[in-house]
Structure formats: structure tokens, C-alpha cells
Amino acid sequence: MNIFIMLAIVLANVIAITLVYQFIKKLLNKDKIIFIVASVAIIYIVVSIAYWISGIGIDNKINDTAKDFITYVFVPVNVIILVPFVAVKYNKWKLEEIEKGEFLKRLVIVSIIGVIILVGECFYFKNMKNNINSIIEENLQQKNNLNGTTNTINEITTNVTNETNTNTTNEEIQKREEYNNTLRTITNTISETIENNIAINEQQY
101 MNIFIMLAIV
111 LANVIAITLV
121 YQFIKKLLNK
131 DKIIFIVASV
141 AIIYIVVSIA
151 YWISGIGIDN
161 KINDTAKDFI
171 TYVFVPVNVI
181 ILVPFVAVKY
191 NKWKLEEIEK
201 GEFLKRLVIV
211 SIIGVIILVG
221 ECFYFKNMKN
231 NINSIIEENL
241 QQKNNLNGTT
251 NTINEITTNV
261 TNETNTNTTN
271 EEIQKREEYN
281 NTLRTITNTI
291 SETIENNIAI
301 NEQQY
């Protein structure tokens, strides 16, 4: 994973935890830790479930490739979107400013909103995986086409060389061989360049 992407993910997690902390900083350290750990753990579990559901019918290799990136990105995002609304009521409940029932009511409302958001994210995850699969298939097709073209050129070159060996003088044969060698070199260079580009694209996804 790119170092800048990793730093961005770490920063997003720090922001998410800091934001939640601001709403419960008046509580005891024990209550703060319990709430933050429980919130992040629950969000991680539900995001993982949404990711798993979105992977039904998708190749396992693609699922494994994108799992860590999507999970580490969307966990802090969902924490920022959902948890502060619960944290406000949790803080008041622990400080005995509201009844437990009011806190539970807010928890239910946020849970319903969270389910709606996760359904949307599930479709987004599936679409992302389909796009990755399409790119991989396209790269594979390009590679197969390239191999076929290279083989065809090599066959033509070999046939021309054989015909030349039987119908031309030694000087012409030498020139023809130099030309064929140059053609093979160019073909191999193009093949290596395209294969390297395909490999780079596959690594990015």
C-alpha cells in the first residue's frame, strides 16, 4: 500500500478518535476507553460484514486485494459520521443529565441510520470490486493479444529468413538477418514495456 495512503488512513483514524473524545472528555478515563474501544470495534465489525456481503459472487483474490484498504478507510469515516451523535447522549447519561431510555432511543435512531449508510456502502464496495475485476480481465486480454502478435511476428520473421536463405546471396542473407534481429529486438522491447505497465496496474489494484 502506498505510504501516502497509509499516512492518510492513520490521520483519518486519529481524527475520528479525537472527535469522539471531545464529546466524552468529561467522563472517567475508564468510561472513555470503554466507549471509544466499543464504538470502533462495532463499526469495524459492521463494515467487515458489509464488505463480506458485497463480495458474494466476486473472485476471492479481488476480495482479499481490496479488503484492508476499504476497511481501514471506511471504519474511521463511519466513526466520524455516526459515533458523535451517540457520544453526546452517552456523555449526558453517564453524567446523569438524562435518563437511560433517552440514550437508548438515540442509539436506536443512529443504528437505523447506520444500517442505511452501510447498505449504500455495500453497493459501493461491490461496484468497486467489479471495476477492479474488469481492469484485471482487460489487462489479461491485452497480454494475451500481445503474446499472439509477438508469436505471429516471430513466425513471419522465421519464414522470411528461411526463404531468404534459399534464394539470396550471402551478403543479402546477412542484411536480412540483421533486419530480422532488429525487428525481434523492437518487438521484445514493446512486449516488455506493455507487460511492465500491466504489472504496475495490477499492483495498484
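Take 101 as the starting number for the sequence shown in this note's numbering and just add one per residue.
Built from N, CA and C at the ideal position, the CB exists for glycine as well.
Values in this document were obtained by computation on a predicted structure and should not be read as measured data.
* Run through DSSP, which three-state label would Lys307 get? -> Outside the displayed span of the chain (101 to 305) sits residue 307, for which this structure offers no information.
* Give the straight-line distance between the Cα atoms of Arg284 and Ile235, rounded to the nearest whole angstrom. => Here residue 284 corresponds to residue number 184 of the sequence shown, with the count starting at 1. Here residue 235 corresponds to residue number 135 of the sequence shown, with the count starting at 1. Their backbone Cα atoms lie some 29 Å apart in a straight line.
* To do: Decide yes or no for the touch test of the stretch 158–166 against the stretch 208–217: beta carbon pairs closer than 8 Å, at least 3 of them.
  => no
* Asked: Would you call the stretch 219–233 and the stretch 179–198 touching, i.e. three or more CB-CB distances under 8 Å?
  -> no
* Alpha carbon to alpha carbon, how far is Asn239 from Ile142? -> For the purposes of this step, residue 239 is taken as the residue at position 139 of the sequence shown. For the purposes of this step, residue 142 is taken as the residue at position 42 of the sequence shown. In a straight line, the C-alpha of Asn239 is about 38 Å away from that of Ile142.
* Taking just the CA atoms, how far does Phe123 sit from Ile134? -> Against the sequence shown, residue 134 aligns to sequence position 34. Against the sequence shown, residue 123 aligns to sequence position 23. When rounded, the distance between both Cα atoms is 14 Å.
* To do: Express the C-alpha separation of Ile145 and Phe104 in angstroms, rounding to a whole number.
  => In the sequence shown, residue 104 corresponds to position 4, counting from 1. In the sequence shown, residue 145 corresponds to position 45, counting from 1. Taking C-alpha positions only, Phe104 is separated from Ile145 by approximately 25 Å.
* Asked: For the putative contact between Lys189 and Ile181, defined by C-beta atoms under 8 Å, what is the C-beta separation to the nearest angstrom?
  -> The count along the sequence shown starts at 1 and reaches residue 189 at position 89. The count along the sequence shown starts at 1 and reaches residue 181 at position 81. Not confirmed; about 16 Å, so no contact.
* **Three-state secondary structure assigned by DSSP to Asp131** => Within the sequence shown, residue 131 is the residue found at index 31, counting from 1. Here Asp131 sits in helix by DSSP.
* Closest Cα partner of Thr289 within the set Gln274, Leu246, Glu278, Val179 -> Position 189 of the sequence shown, counted from the first residue, corresponds to residue 289. When only C-alpha atoms are compared, the closest one is Leu246.
* So Asp164 is in the alpha helix (DSSP H); what residue range does that whole segment cover? -> Here residue 164 refers to the residue found at position 64 when the sequence shown is read from its first residue. 160–194 is the extent of the alpha helix (DSSP H) around Asp164.
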